[in-house]
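Chains as they are written, first to last, in this note's numbering: chain C, 1 to 290; chain Z, 1001 to 1411. Using N, Cα and C, we set each Cβ at its ideal position, and we do this for glycine too. Notes follow the structure.
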Amino acid sequence: MAILVDKNTRLVVQGITGSAGGFHASQCRAYGTNVVAGVTPGKGGTFFEGVVPIFDTVGQAVKATGANASMIFVPPPFAADAILEAADAGIKLLVPITEGIPVRDMLPVKPFLAERGVRMIGPNCPGIITPGQCKIGIMPGHIHKPGRIGVVSRSGTLTYEAVGQLSRLGLGQSTAIGIGGDPIIGTKHIDVLQLFNADPDTDAVIMIGEIGGTAEEEAAAWAKVNMKKPIVGFIAGATAPPGRRMGHAGAIISGGQGTAEAKYAAMQDAGIHVVRSPAEMGAKMAALLG
Amino acid sequence: MKIHEFQAKEVLRKHGVPTLQGAAAHTPEQAVAGAQSIGGSVWVVKSQVHAGGRGKGRFVGEVDDEALDKAARGDDAPGKGGVRVCKDLDAVRAAAQAMLGNTLVTKQTGRDGAVVRKLYVEQGCQIAKEFYLAIMLDRARGQVLVMCSAEGGTEIEEVAAHRPEAILKAWADPLTGFGTWQARDLAFGLGFTGKAVNNFVKLVQGLFRAYNAADCSMLEVNPLILTADEQVLPLDAKITFDDNALFRHPEYESYYDAAEEDPQEVEAAKYELSYVKLDGNIGCMVNGAGLAMATMDIIKFYGEEPANFLDVGGGATREKVTAAFKIITADSAVKGILVNIFGGIMKCDVIVEGVLAAVRETGLEVPLVVRIEGTNVDLGKKIIAGSGLRVISADSMSDAAEKIVAAVRGV
Chain C
1 MAILVDKNTR LVVQGITGSA GGFHASQCRA YGTNVVAGVT PGKGGTFFEG VVPIFDTVGQ
61 AVKATGANAS MIFVPPPFAA DAILEAADAG IKLLVPITEG IPVRDMLPVK PFLAERGVRM
121 IGPNCPGIIT PGQCKIGIMP GHIHKPGRIG VVSRSGTLTY EAVGQLSRLG LGQSTAIGIG
181 GDPIIGTKHI DVLQLFNADP DTDAVIMIGE IGGTAEEEAA AWAKVNMKKP IVGFIAGATA
241 PPGRRMGHAG AIISGGQGTA EAKYAAMQDA GIHVVRSPAE MGAKMAALLG
Chain Z
1001 MKIHEFQAKE VLRKHGVPTL QGAAAHTPEQ AVAGAQSIGG SVWVVKSQVH AGGRGKGRFV
1061 GEVDDEALDK AARGDDAPGK GGVRVCKDLD AVRAAAQAML GNTLVTKQTG RDGAVVRKLY
1121 VEQGCQIAKE FYLAIMLDRA RGQVLVMCSA EGGTEIEEVA AHRPEAILKA WADPLTGFGT
1181 WQARDLAFGL GFTGKAVNNF VKLVQGLFRA YNAADCSMLE VNPLILTADE QVLPLDAKIT
1241 FDDNALFRHP EYESYYDAAE EDPQEVEAAK YELSYVKLDG NIGCMVNGAG LAMATMDIIK
1301 FYGEEPANFL DVGGGATREK VTAAFKIITA DSAVKGILVN IFGGIMKCDV IVEGVLAAVR
1361 ETGLEVPLVV RIEGTNVDLG KKIIAGSGLR VISADSMSDA AEKIVAAVRG V
């Protein structure tokens, strides 16, 4: 059943009447995701695409439709508040796509979610997809293929790149997750590795990291002791100079920490099969699985 | 967004943090007038650039190349620095004249240095001891971290690397904030005694308040000083704002100093492109930060160096792609261009149209390899093939990298 989302997922879309929210809600529905509700304060009682009921609050949406996951497209100034609202309404899986939420707004979000046992993927992420069953996010659905490889990455298009390589080689994916490039995110590499390790439908994992922070090192240290499945690893940003921000808030090397070399070394030490060329992620996996 | 020291101190004062008196100056006359209005008999004239290590920095033209090389490495060099103590108004004028309009080389600017366009004249004071303090986000914990050290001065990275135990840390709980008890803990840990304990506690609490209220992503005070009369003050202050929170602070617009930024990066920012100039010869245009870094990496993997990082973002329009293309080609070091787009929300045909429009508009003097994948890829490839332009199509990242490397080498 892959991880976190499947055909039983009932999705509410917060910000469904915005242009991005509407477009992607529509794309998710077209892929087959069960979009059961939308939320836009003040638009309650209307319908999205004539069939999906829109509510004023997430609480109302959950009560009326039994929604159990939320995709959030609320603009940055109001996004943290939208996350808190969804958590308080009892939804256990939140996927905020919004890019540009102030760090100060996100600081109290993490303990609030932890107290309620809520998992968040993102923010500033492409989302999560279990091919053939459920797509929550902005990734192009058609490049995916149902199968048994898990994919986890911080960034969007680099996740697509890995997925595209796998699909081309005939290797389908159990679940692919882009965890987001912000300084404060709800789900880290280590969390996703744990989920894939426990998932009977996942045989192996592609883990893609980026320079900055120490999340990849922590995940590698965990994998060294606990991971029972092979991992192929790549770190983006080996050529990035220290002190320069490379688009993602996370992608910056500072004080000698977070270099690609340090991350590669940690991965190699953990028995992760690293590739130095991003073009070889899929091929390495194919070779490993024979 | 980075700001100057004099602006950072203005932010701190606004949030009730005590600072020494100071005045910003653009000319030697303003520097002298500033010193006069501050009063007293000792002043410090400080270069205002968006880089640290100013005290150990040296000016181009004032010292020889060997001294500048040392300054760029952060080593002690003969000559005077970017921060000067002056004991009369003539010295203030002389220091201002030596700094304004000249290039300061520090460990953080690198050998190219940075032109000093502004000064900050500050009242002198009797320093009894120097400390280091910084407030920033600890990403691993998702909490704000206050860290300080009794080993103040400029070499905090050295302390962090070799004597981490000399750095004291306290994390602010997101729900209860930074406690007085935590500030006290740090004060005693740093060895403060008597009245200075309370003065330190008040200062740190003020700094933490300012960090939050001003939406900083970094607030660094190096050095934080204890004066001979037991005051505790921020002698320097560096602030970086959280770019995502700028919408809450329209007043920060006046702090923006375009002269401190790379002109190409400023141009890119106008189109919401994320661009960073690098030293290589293959320009790249990519959608998504992760894929953009990976594209740089694969260029290096095949033996050449990327000329830039350029992320056109998720919602690139034809106009943005055209602007991106012009920014890349404006760099005379660029000997070839690699476009790598994985179309998701962005459709490949739209990107291709944008690239071709730019090529038609600006001409194309270097080889161009385009690799597209994802939504509408076949339509995109058809448009390239039918364009009649000398655009090389590639099927995968490795194919693209090999082709552009071969092209710049003239193979």
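Beta carbon proximity, residue i to chain C, threshold 8 Å
i: Thr1240 (chain Z); result: no
i: Asn1308 (chain Z); result: no
i: Pro1018 (chain Z); result: no
i: Leu1278 (chain Z); result: yes
i: Ser1217 (chain Z); result: yes
i: Gly1380 (chain Z); result: no
i: Ile1345 (chain Z); result: yes
i: Ser1393 (chain Z); result: no
i: Leu1291 (chain Z); result: yes
Minimum Cβ-Cβ distance from residue i to chain Z less than 8 Å
i: Ile138 (chain C); result: yes
i: Met246 (chain C); result: yes
i: Ile129 (chain C); result: no
i: Ile143 (chain C); result: yes
i: Ser155 (chain C); result: yes
i: Thr117 (chain C); result: Residue identity differs from the one stated: residue 117 (chain C) is Gly in this sequence, not Thr. Answer no: the Cβ-Cβ gap between Gly117 (chain C) and chain Z never drops below 8 Å.
i: Ala240 (chain C); result: yes
i: Pro278 (chain C); result: yes
i: Gly237 (chain C); result: yes
i: Tyr160 (chain C); result: yes
i: Pro96 (chain C); result: no
i: Glu49 (chain C); result: no
i: Ile206 (chain C); result: no
Selection from the options that minimises the alpha carbon distance to residue i
i: Arg1073 (chain Z); options: Z:Asn1376, Z:Gly1113, Z:Ala1095, Z:Thr1193; result: Z:Gly1113
i: Asn124 (chain C); options: C:Lys263, C:Gly271, C:Met267, C:Ile184; result: C:Ile184
i: Ala1160 (chain Z); options: Z:Gly1040, Z:Tyr1132, Z:Ala1258; result: Z:Tyr1132
i: Arg1054 (chain Z); options: Z:Ala1031, Z:Gly1081, Z:Arg1013, Z:Gln1097; result: Z:Gly1081
i: Lys1046 (chain Z); options: Z:Arg1409, Z:Gly1288, Z:Val1085, Z:Ala1008; result: Z:Val1085
i: Gly237 (chain C); options: C:Gly258, C:Ala114, C:Tyr160; result: C:Gly258
i: Pro242 (chain C); options: Z:Lys1107, Z:Leu1100, Z:Glu1267; result: Z:Lys1107
i: Val57 (chain C); options: C:Ile208, C:Ser167, C:Gln14, C:Met106; result: Correcting the residue type first, residue 57 (chain C) is Thr in the shown sequence and not Val. Taking only the C-alpha atoms, the option nearest Thr57 (chain C) is C:Gln14.
i: Gly1363 (chain Z); options: Z:Leu1379, Z:Val1391, Z:Asp1088; result: Z:Val1391
i: Val192 (chain C); options: C:Ile206, C:Pro108, C:Gly181; result: C:Ile206
i: Gln173 (chain C); options: C:Arg154, C:His189, C:Ile128, C:Glu217; result: C:Ile128
i: Asn1376 (chain Z); options: Z:Glu1361, Z:Met1397, Z:Pro1367, Z:Gly1343; result: Z:Gly1343
i: Val1232 (chain Z); options: Z:Lys1087, Z:Met1346, Z:Lys1195, Z:Val1286; result: Z:Lys1195
i: Val1312 (chain Z); options: Z:Lys1347, Z:Tyr1275, Z:Thr1295; result: Z:Tyr1275
i: Arg37 (chain C); options: C:Tyr31, C:Phe48, C:Ala30, C:Cys28; result: Looking at the sequence provided, one finds Ala at residue 37 (chain C) rather than Arg. The option with the nearest alpha carbon to Ala37 (chain C) is C:Phe48.
i: Tyr31 (chain C); options: C:Val109, C:Gly18, C:His142; result: C:His142
i: Arg29 (chain C); options: C:Leu11, C:Ala266, C:Pro41, C:Val74; result: C:Leu11
i: Ile16 (chain C); options: C:Ala82, C:Thr40, C:Tyr264, C:Thr159; result: C:Thr40
i: Ala1140 (chain Z); options: C:Gln27, C:Gly117, C:Gly186; result: C:Gly186
Spatial neighbours of residue i in its chain, beta-carbon cut-off 8 Å, leaving aside the 5 residues before and after
i: Met1293 (chain Z); result: Phe1309
i: Val1282 (chain Z); result: The sequence given here places Ile at residue 1282 (chain Z); Val does not occur at that position. For Ile1282 (chain Z), where only same-chain residues beyond five positions count, the Cβ hits under 8 Å are Ile1299, Glu1304, Glu1305, Pro1306, Ala1307, Val1334, Lys1335, Gly1336, Ile1337, Leu1338, Ile1404, Val1405, Val1408.
i: Asp1229 (chain Z); result: Gln1126
Beta-carbon proximity list for residue i, same chain, < 7 Å, skipping 5 on both sides
i: Glu1319 (chain Z); result: none
i: Gly1110 (chain Z); result: Ala1072
i: Gly90 (chain C); result: Val62
i: Glu1353 (chain Z); result: Arg1318, Ile1383
i: Gly271 (chain C); result: Lys224
i: Asn8 (chain C); result: none
i: Ala286 (chain C); result: Leu169, Leu171
Same chain, Cβ closer than 6 Å to residue i, five either side skipped, listed in chain order
i: Ile1156 (chain Z); result: Tyr1132
i: Lys1002 (chain Z); result: His1050, Thr1240
i: Gly156 (chain C); result: Pro126, Gly178
i: Ala86 (chain C); result: Val58, Ser70, Leu94
i: Pro146 (chain C); result: Pro131, Gly132, Gly172
i: Gly1380 (chain Z); result: Cys1348, Asp1349, Val1352, Ile1372
Practice task
Pick out the complete alpha helix (DSSP H) segments inside the region 117 to 168 of chain C, 4 residues or longer, and give them in chain order.
Solution key: 157 to 168
Practice task
Specify whether the region 213 to 228 of chain C and the region 1168 to 1185 of chain Z touch according to this definition: at least 3 beta carbon pairs, one from each stretch, less than 8 Å apart.
Solution key: no
Problem - beta strand (DSSP E) runs wholly inside the region 1200 to 1241 of chain Z, at least 3 long, in chain order - result: 1216 to 1227, 1232 to 1234, 1238 to 1241
Problem - Contained alpha helix (DSSP H) runs [length at least 4] in the region 175 to 215 of chain C, N- to C-terminal order - result: 189 to 198
Exercise for the section: Determine, using beta-carbon pairs with one atom in the region 1015 to 1022 of chain Z and one in the region 1090 to 1099 of chain Z, whether at least three such pairs fall under 8 Å. Expected result: no
Problem - Segment contact, 8 Å Cβ cut-off, at least three pairs: the region 128 to 140 of chain C with the region 202 to 214 of chain C - result: no
Handout entry: Touch test, the region 12 to 31 of chain C against the region 187 to 202 of chain C, Cβ-Cβ under 8 Å, three pairs minimum
Key = no
Exercise for the section: Would you list, in sequence order, the uninterrupted alpha helix (DSSP H) runs of no fewer than 4 residues that lie entirely inside the region 1258 to 1335 of chain Z? Expected result: 1263 to 1270, 1289 to 1301, 1318 to 1329
Exercise for the section: Decide if the region 1341 to 1353 of chain Z is in contact with the region 1370 to 1386 of chain Z; the criterion is three or more beta carbon pairs, one per stretch, under 8 Å apart. Expected result: yes
Exercise for the section: Would you check if there are 3 or more beta carbon pairs closer than 8 Å linking the region 1240 to 1260 of chain Z to the region 102 to 109 of chain C? Expected result: yes
Practice task
Decide if the region 1254 to 1265 of chain Z is in contact with the region 1032 to 1041 of chain Z; the criterion is three or more beta carbon pairs, one per stretch, under 8 Å apart.
Solution key: no
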